[in-house]
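Participant:
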Amino acid sequence: MPTIQRDALHAFVDRQLLKIESTPIPPELTGLGVSERLQADEIQALWYGAGIASQIGMVLAMEPGTFVEPWPEVEEDQEAPTEPAVPAEPQPDVAEQPPEAA
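2 is the number of the first residue of the sequence shown in our numbering; add one for each residue after it.
(1) Between the segment 34-50 and the segment 3-12, do three or more beta carbon pairs fall short of 8 angstroms?
(2) Using a Cβ distance threshold of 8 angstroms, determine whether the segment 22-41 contacts the segment 59-69, with at least three qualifying pairs required.
(3) Taking Cβ to Cβ, would you say Q56 is nearer than 8 angstroms to Q6?
(4) Could you tell me the alpha carbon to alpha carbon distance between A51 and E74, rounded to whole angstroms?
(5) Within the same chain, show all residues whose beta-carbon is closer than 6 angstroms to that of L19, passing over the 5 residues directly before and after it, in chain order.
(6) Pull the bridge partners of E70 from the DSSP assignment, please.
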């Protein structure tokens, strides 16, 4: 039965939180705070939340096997195709089309 490797997860989260707390708030976010009338503590909370979501959430979503053991092995015939997905062709916006000549 899979179990969460709590010590590894806690150590990882602690390391990431130190990085988040020591990274200065970018000027763009501070400027957004002014335009949105946010207080300094609200801007910092937003920065911490964004850091938690990006620095911790992505790894947990993309590499959960790092913290869950044993992680189920994917059989060779079940692996996803290695070819990159082809993005859909953008559809022209009718409003952006130049008027047709008469």
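Glycine included, every Cβ here is placed at the ideal spot set by N, Cα and C.
Source: prediction; values computed, not measured.
Facilitator: Reading it off the structure:
(1) no
(2) no
(3) For this step, residue 56 is matched to residue 55 along the sequence shown. For this step, residue 6 is matched to residue 5 along the sequence shown. No. Outside cutoff.
(4) Along the sequence shown, read from residue 1 onward, the residue named residue 51 stands at position 50. Along the sequence shown, read from residue 1 onward, the residue named residue 74 stands at position 73. Cα to Cα, A51 sits roughly 32 angstroms from E74.
(5) In the sequence shown, residue 19 corresponds to position 18, counting from 1. Correct list: empty, nothing qualifies.
(6) Along the sequence shown, read from residue 1 onward, the residue named residue 70 stands at position 69. According to DSSP, E70 bridges with T4.
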